[in-house]
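If you count the sequence shown from 1, position 189 lands on 189 in this note's numbering, and the numbers rise without skipping.
Quick reminder that beta carbons are idealized off the backbone N, C-alpha and C, glycines included.
These figures come from a predicted structure and were not determined experimentally.
In what follows, a structure is listed as structure tokens, so that the remarks can point back to it.
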Amino acid sequence: METNAIEVPTADGLPLLGSLLDLRRDPLGAYERARSEHGDVVRIVSGPPGLRTTIHFVFSAAGAQQVLAGQSANFRKDDRFSLEMRQTFGNGLLSSLDDDHIRQRRLLSPLFTKKRVAEYATTVCDEVDALCAAWEADPGRRPDLNEDMSRLTVRMITRILFGADAEQAEDVVRHCMPVLGTYTLRRGLMPLNLPRSFPTPANRRARAAQRELHALCDRLIEQRRRGGASDHEAGTDLLTLLINARSDEDTPLTDEELRDQVLVFLLAGSDTTATSLTFTMYLLARHQDVQDSVRDEVRSVLGGRRPTPADLDEVPTVERVLKEAMRLYPAAPVLIRRAVRSTVVDGHAIPAGAYVYVSPWVTHRHPSYWPDPQRFLPDRFRPEEESHRPRYAWFPLGGGPRSCIGNHFAMLQMKLATATLLQRYRFAEAPPRVPLEVGVTIRAARAVECSLSPVGHVSADILPRPR
Ligand code: HEM
1 METNAIEVPT ADGLPLLGSL LDLRRDPLGA YERARSEHGD VVRIVSGPPG LRTTIHFVFS
61 AAGAQQVLAG QSANFRKDDR FSLEMRQTFG NGLLSSLDDD HIRQRRLLSP LFTKKRVAEY
121 ATTVCDEVDA LCAAWEADPG RRPDLNEDMS RLTVRMITRI LFGADAEQAE DVVRHCMPVL
181 GTYTLRRGLM PLNLPRSFPT PANRRARAAQ RELHALCDRL IEQRRRGGAS DHEAGTDLLT
241 LLINARSDED TPLTDEELRD QVLVFLLAGS DTTATSLTFT MYLLARHQDV QDSVRDEVRS
301 VLGGRRPTPA DLDEVPTVER VLKEAMRLYP AAPVLIRRAV RSTVVDGHAI PAGAYVYVSP
361 WVTHRHPSYW PDPQRFLPDR FRPEEESHRP RYAWFPLGGG PRSCIGNHFA MLQMKLATAT
421 LLQRYRFAEA PPRVPLEVGV TIRAARAVEC SLSPVGHVSA DILPRPR
């Protein structure tokens with residue numbers, strides 16, 4: 001380690017509890033204050049002596065790049081959260097390590113290229129149409145973006161994974177995933193936990209949810225192995241592609257590994273997209289001028305018809321709006337690592353064994369990269385503006401070898417959904433503030449109601465079809 005590295009400052013806290021109460025009350029605010037008061041690399045200490053947790057936060061773009069990409073070998077996912085994740089959701093791509101991760105990533109990457117995910121466009125648009133049909137069947141109701149985008153993204157990911165068997169999966173997923181998510185988060189936050197085998201109510205509930213999800217996945221995997229797909233759709237679903245995934249260097253995924261990947265895609269691919277879409281539509285409802293200009297662009301390119309992946313390059317403002325919404329509301333507000341060896345990050349000494357957090361939430365509001373950071377200004381993502389910013393000033397999809405494998409897929413879903421919805425409706429009257437629920441991902445803590453009114457004439461082929 002460099003000898004002239006700076007010692008990392010510690011954020012102020014209470015003598016006995018450190019920053020515990022602050023972190024409980026308002027974790028994202030506490031991280032922001034730590035940066036503005038102490039700089040780009042800060043230690044936050046919380047909890048009473050004996051049960052104390054120390055976290056090194058890295059807030060600069062250069063530091064985030066070092067941790068996630070440049071020196072990623074020094075920062076592994078073997079922190080407490082990842083361990084709990086592995087125990088709950090198995091050894092899938094999100095939390096596997098080293099050779100396991102390299103093999104899984106090699107096998108799965110070909111299924112998530114921009115070209116491959118474009119094949120899911122029709123399914124995505126069908127689900128957006130179904131949502132519109134539900135809204136139109138109940139014209140008096142004010143849509144709740146939080147609930148509706150969450151339902152939409154679960155439907156999209158279950159249809160894509162399980163094809164025609166999505167119906168039987170949707171309820172299980174909507175019921176079981178939150179139980180397991182909350183359980184895993186709580187255990188990850190505690191310095192000490194009772195063993196999972198103890199028959200506490202929380203352990204029992206989690207076990208039951210895990211069993212139900214495993215049974216569903218195992219049944220669907222077995223069905224496909226036997227070639228007994230429910231109908232024509234199941235032959236092309238993502239689960240079938242996972243079963244058939246091969247690479248020259250690797251053995252195919254076993255049934256258990258397949259199940260773990262499915263769980264990971266259900267976990268990583270629904271709440272994240274739901275939060276990003278909720279806040280995109282919310283911000284558009286709050287900024288009518290931006291909404292109008294995006295709608296004008298979409299309508300001039302599509303003329304009322306359904307969007308296809310080929311259209312998306314022609315509507316650059318849709319991407320800018322999504323990127324700006326993901327800047328202000330990055331679905332994963334912090335990314336967690338553990339230092340394998342002592343490393344100097346952005347000039348500061350981080351010791352071996354330290355927990356290291358990088359934070360899209362804070363870096364995305366860093367005044368060095370983002371003038372007037374709290375304002376919603378999609379033009380920040382015009383190419384000429386982007387070229388002046390460091391690469392890791394914006395990283396809602398992570399970076400380096402553990403970056404989001406679903407990035408093309410997520411952007412495709414969100415662009416198709418945003419273009420379709422704006423072409424049909426004006427969104428307005430959203431609340432001025434939306435309180436957040438902060439877990440591994442963020443989401444609106446309560447309903448985000450807005451008003452919806454149809455806009456102008458649309459051609460018959462985009463009118464929603466009843467399901
Ligand atoms: C807007 C939506 C999404 C956001 C904001 C998002 C964000 C992220 C982030 C920040 C990471 C890196 C985590 C870390 O470094 O610790 C990640 C990883 C991952 N994401 Fe996404 N994600 C999204 C959508 C999806 C979708 C749709 C899928 C799959 C269907 C997916 C699957 C994954 C997987 C499997 C990983 C782990 C990759 C690895 O470690 O090799 N994500 N995502």
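Query	Result
Please identify the residue among R106, G399, I6 and P49 whose C-alpha is closest to the C-alpha of A245.	R106
Tell me which residues share the same chain as L20 and place their Cβ nearer than 7 Å to its Cβ, disregarding the 5 neighbours each side in the sequence.	S46 and G47
Report whether the distance from the Cβ of P110 to the nearest heavy atom of the ligand HEM is below 7 Å.	no
Please indicate yes or no: does the CB of L283 lie closer than 7 Å to some heavy atom of the ligand HEM?	no
CB-CB under 7 Å to G400, same chain, minus the five flanking residues each way: which ones, in chain order?	L68, A69 and S72
On the criterion of 16 or more Cβ atoms from any shown chain inside 10 Å, does L242 qualify as buried, or is it exposed?	buried
Taking the beta carbon of T240 as the centre, do at least 16 other beta carbons fall within 10 Å, making it buried, or is it exposed?	buried
Evaluate the contact criterion for the region 352-366 versus the region 297-309: three or more CB pairs, one atom per stretch, below 8 Å.	no
Please classify S472: is it buried, with 16 or more other beta-carbons within 10 angstroms of its beta-carbon, or exposed?	The chain is shown from 1 up to 467; residue 472 falls before or after that span and cannot be answered.
Among L194, Y329, S403 and V340, whose alpha-carbon lies nearest the alpha-carbon of Q374?	Y329
Taking the alpha carbon of F162 as the reference point, which residue from R219, L192, T88 and R205 has its own alpha carbon closest?	R219
Between which two residues does the beta strand (DSSP E) containing F427 stretch?	Y425 to A428
Hey, out of D289, D296 and E257, whose CA is closest to R103's CA?	E257
By Cβ distance, which residues of its chain are closer than 7 Å to N476, with the 5 residues on each side in sequence left out?	Any property of residue 476 remains undetermined from this structure, which presents the chain solely from 1 to 467.
Name the residue from R224, T418, G13 and T275 whose alpha carbon lies nearest to the alpha carbon of V154.	T275
Select from L312, V179 and P351 the residue whose C-alpha is nearest the C-alpha of A5.	P351
For the candidate residues V448, E449 and R426, whose alpha-carbon lies nearest to that of G456?	R426
What is the DSSP secondary structure of L335, counted as helix, strand or coil?	strand
Can you name, in chain order, every residue of its own chain whose Cβ lies under 6 Å from the Cβ of V358, other than the five neighbours on each side?	V58, A64, V67 and L335
Rounding to the nearest angstrom, what Cα-Cα distance links D346 and W370 in this structure?	19 Å
Using 10 angstroms around the beta-carbon of T200, count the other beta-carbons present and answer buried if the total reaches 16, otherwise exposed.	exposed
Buried or exposed, going by whether 16 or more other CB atoms sit within 10 Å of the CB of T113?	exposed
Helix, strand or coil for S459, going by three-state DSSP, please let me know.	Note that S459 scores 47 on pLDDT, short of 50, meaning its location in the model is unreliable; the coordinates nonetheless yield the value given after this. Coil.
Run through DSSP, which three-state label would I405 get?	coil
With DSSP run on the structure shown, which of helix, strand or coil describes F395?	coil
Taking the beta carbon of G353 as the centre, do at least 16 other beta carbons fall within 10 Å, making it buried, or is it exposed?	exposed
Between T272 and the ligand MN, is there a pair consisting of the residue's CB and a ligand heavy atom that are separated by less than 7 Å?	No copy of the ligand MN appears in this structure; the ligands present are the ligand HEM.
Buried or exposed: E84, going by 16 or more other Cβ atoms within 10 Å of its Cβ?	buried
Just to confirm the assignment: which complete alpha helix (DSSP H) runs, minimum length 4, are found wholly within the region 244-275?	255-268
Does the distance between the C-beta of P199 and the nearest non-hydrogen atom of the ligand HEM fall short of 7 Å?	no
Decide if S247 is buried, meaning its Cβ has at least 16 other Cβ atoms within 10 Å, or exposed.	exposed
Does the beta carbon of H364 fall short of 7 Å from some heavy atom of the ligand HEM?	no
Could you give the distance in angstroms between the alpha-carbon of L192 and the alpha-carbon of P367?	37 Å
Which residues mark the beginning and the end of the alpha helix (DSSP H) in which I221 is found?	P201 to R225
Should the region 32-51 be regarded as contacting the region 305-319, the criterion being three or more beta carbon pairs within less than 8 Å?	no
With three or more beta-carbon pairs closer than 8 Å as the criterion, would you say the region 277-288 touches the region 160-178?	no
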